[in-house]
Amino acid sequence: MARRLEKFEKLPVYQKSQELFDLADVIAESLKEDTMKEHLAVQMCSNAALIQAKIAGAEGGSLYSLRMQNAVLIKMAVQDMFNAVSFASMVKINQEDYVNLMRDKIEEFRLVFVEWIRGFDKTYDIPDNWAIRFDTSTPEQEKLEELMFDEDRFFGEFNEDDEDMGNFDDFDDEDDEKGDEPKN
Numbered sequence: 001m002a003r004r005l006e007k008f009e010k011l012p013v014y015q016k017s018q019e020l021f022d023l024a025d026v027i028a029e030s031l032k033e034d035t036m037k038e039h040l041a042v043q044m045c046s047n048a049a050l051i052q053a054k055i056a057g058a059e060g061g062s063l064y065s066l067r068m069q070n071a072v073l074i075k076m077a078v079q080d081m082f083n084a085v086s087f088a089s090m091v092k093i094n095q096e097d098y099v100n101l102m103r104d105k106i107e108e109f110r111l112v113f114v115e116w117i118r119g120f121d122k123t124y125d126i127p128d129n130w131a132i133r134f135d136t137s138t139p140e141q142e143k144l145e146e147l148m149f150d151e152d153r154f155f156g157e158f159n160e161d162d163e164d165m166g167n168f169d170d171f172d173d174e175d176d177e178k179g180d181e182p183k184n
């Protein structure tokens, strides 16, 4: 019985990532026996798999900051995979020079990847208190941050029949309220 393709598997970015995965697998298999062969093969293949998992993760959520977090991890995995291929070539443990082939595949992936992330909805996000996307250093920025978060849109995704989860303010750090000094 044929497996039904998930929605994300039909995306051009995912299909290009499959090409990267297939190439990484071929390169890993072609490495000559060497003490580093297994490490490099695992590095290439695990990064190729990570790329696909992060695409699925980005498609599974709709908040801009979470999607971009996955996108950054994808970029890093692609770079790590290329570094492994380059290193294998440099120390001459691959039978053929796959560096240019991998470079070409990565460029094809990059073009589709950029198009994919440009489609992310930047207006659908919430602050994450890490100041990576939002600068909360001024009251004006704090107000902008509040305006960007559409509570109805965010919470509308949840089923109205779900139990009341309470107010997020209920989870404030009790030590802050008591004024206790941190213990060393």
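Just so we're aligned, residue 1 is where the sequence shown starts under the UniProt record's numbering, counting upward by one. From the three backbone atoms N, C-alpha and C, an ideal C-beta is built for every residue, glycine too.
With the cut-off set at 8 Å, would you say Ala-71 and Ala-53 are in Cβ contact?
no
Take the Cβ of residue 203 as the centre, count every other Cβ of all protein chains shown within 10 Å, and call the residue buried at 16 or more, exposed below.
Nothing can be reported for residue 203: it is not among the residues displayed for the chain, which extend from 1 to 184.
Between which two residues does the alpha helix (DSSP H) containing Ser-62 stretch?
Unbroken run through Ser-62: none, as it is neither H nor E.
Ends of the alpha helix (DSSP H) at Phe-109?
99-118
Pick helix, strand or coil for Leu-31, following the three-state DSSP scheme.
strand
From the DSSP output, which residues share a beta bridge with Asn-47?
The partner list for Asn-47 (beta bridge, DSSP) is empty, contrary to what the question assumes.
CB-CB length for Val-99 against Val-112, believed under 8 Å
No, Val-99 and Val-112 are not in contact; Cβ-Cβ is about 21 Å, not under 8 Å.
Simplified DSSP assignment, three categories, for Leu-11
coil
Find out if the Cβ-Cβ distance for the pair Val-78, Phe-120 is shorter than 8 Å.
no
Counting C-beta neighbours from all protein chains within 10 Å, is the total for Gln-43 16 or more, i.e. buried, or is it exposed?
buried
Beta-carbon proximity of Leu-31 to Asn-94, cut-off 8 Å
yes
Please confirm whether Ser-65 and Asp-125 have their CB atoms less than 8 Å apart.
yes
Which residue wins for smallest C-alpha separation from Lys-7, given the options Gln-69, Leu-40 and Ile-55?
Ile-55
Can you tell me the Cα-Cα spacing of Val-13 and Met-36, whole angstroms?
30 Å
Proximal residues to Gly-156 (C-beta, below 8 Å), its chain only, five neighbours per side dropped
none
Per the DSSP calculation, Asn-94 is bridged to which residue(s)?
Leu-31
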